[in-house]
Amino acid sequence: MKFTDIIIPIIFAAVIVYALSRKVNVWGEFIEGARDNFRVCVEIMPTLIAITVAIGMLRSSGAIALVGELLSPLISFLGFPEECIPLAFIRPISGSGALSVYESILSENGPDSFVGRVASVMMGSTETTFYTIAVYYGATKIQKTRHTLFCSLAGDFTGFVISVLAVNLLFGQSA
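In our numbering, the protein residues as written are 1100 to 1274.
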């Protein structure tokens, strides 16, 4: 047995022992925390449902594919693989939708291809921006996102561009 196999149980036990040494009602605090988290889930559920429905509508209507086709000449000129365009559009919106697109990219192009590597770096270096903002701002009841959305999308865009540059730098286009 490795230390990494038991680190979480050790931390868990240490927290319980520490709480008991401070005469904290561990079970009561656990139940209270679970109750608070359930309230948060109920409060953010409408936002999550709206995002899920919007993603389904965008994918089913072909809007994402249409925008990808329209931007394809410009994006290809910049060296961005056409196959990764749908991933770049869906990633800021949905993690599960992006995972579906990512899996199709890997199955069609292979994980060791240039496209597969760019898609892999994109998945690891970008965020589900709209989902994250909806969940965190919904949980904290913040209604004005101010510059959060712009900055987050700028970070995602940077991740998309750097993905291509990093793969080119490390593996070259012929990978």
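Even glycine gets a Cβ: it sits at the ideal position worked out from N, Cα and C.
Residues in the same chain with beta-carbon distance under 6 Å from residue i, minus the five sequence neighbours each way, listed in chain order, please.
i: Phe1179; result: Val1263
Could you give the first and the last residue of the continuous alpha helix (DSSP H) run that contains residue i?
i: Val1220; result: 1213 to 1224
i: Val1152; result: 1125 to 1160
i: Leu1177; result: Where Leu1177 is concerned, there is no enclosing alpha helix (DSSP H), given that its DSSP letter is neither H nor E.
i: Ile1110; result: 1102 to 1120
i: Pro1185; result: 1184 to 1189
i: Gly1254; result: 1247 to 1270
i: Ser1199; result: 1194 to 1208
i: Ile1241; result: Unbroken run through Ile1241: none, as it is neither H nor E.
Taking just the CA atoms, how far does residue j sit from residue i?
i: Glu1128; j: Leu1147; result: 28 Å
i: Ser1175; j: Gly1155; result: 27 Å
i: His1246; j: Arg1216; result: 31 Å
i: Ile1150; j: Gly1254; result: 21 Å
i: Phe1137; j: Met1144; result: 10 Å
i: Ala1153; j: Phe1229; result: 11 Å
i: Phe1256; j: Ile1107; result: 35 Å
i: Cys1140; j: Ala1233; result: 12 Å
i: Ala1113; j: Asn1124; result: 15 Å
Should residue i go down as buried or exposed, given a rule of 16 or more other Cβ atoms within 10 Å for buried?
i: Thr1225; result: buried
i: Phe1092; result: Only positions 1100 to 1274 of the chain appear in the structure, and residue 1092 is not among them; the question remains open.
i: Gly1132; result: exposed
i: Thr1239; result: exposed
i: Arg1158; result: buried
i: Thr1167; result: The amino acid at residue 1167 is misidentified as Thr; the sequence shows Gly. So Gly1167 counts as buried.
i: Ser1193; result: buried
i: Val1220; result: buried
i: Ser1120; result: exposed
Spell out whether any CB of chain C is found under 8 Å from the CB atom of residue i.
i: Arg1158; result: Note that chain C does not occur in the displayed structure, where there is just one protein chain.
Using a Cβ-Cβ cut-off of 7 Å (strictly less than) and excluding sequence neighbours within five positions of residue i, which residues of its own chain qualify?
i: Tyr1201; result: Leu1186, Ala1218, Met1222
i: Ile1189; result: Ile1163, Gly1196, Ala1197, Val1200
Whose C-beta lies closer than 8 Å to the C-beta of residue i among residues of the same chain, with five residues either side of it excluded?
i: Glu1182; result: Ile1204, Glu1207, Asn1208, Val1214, Ala1218
i: Val1266; result: Phe1213, Arg1216, Val1217, Val1220, Ala1274
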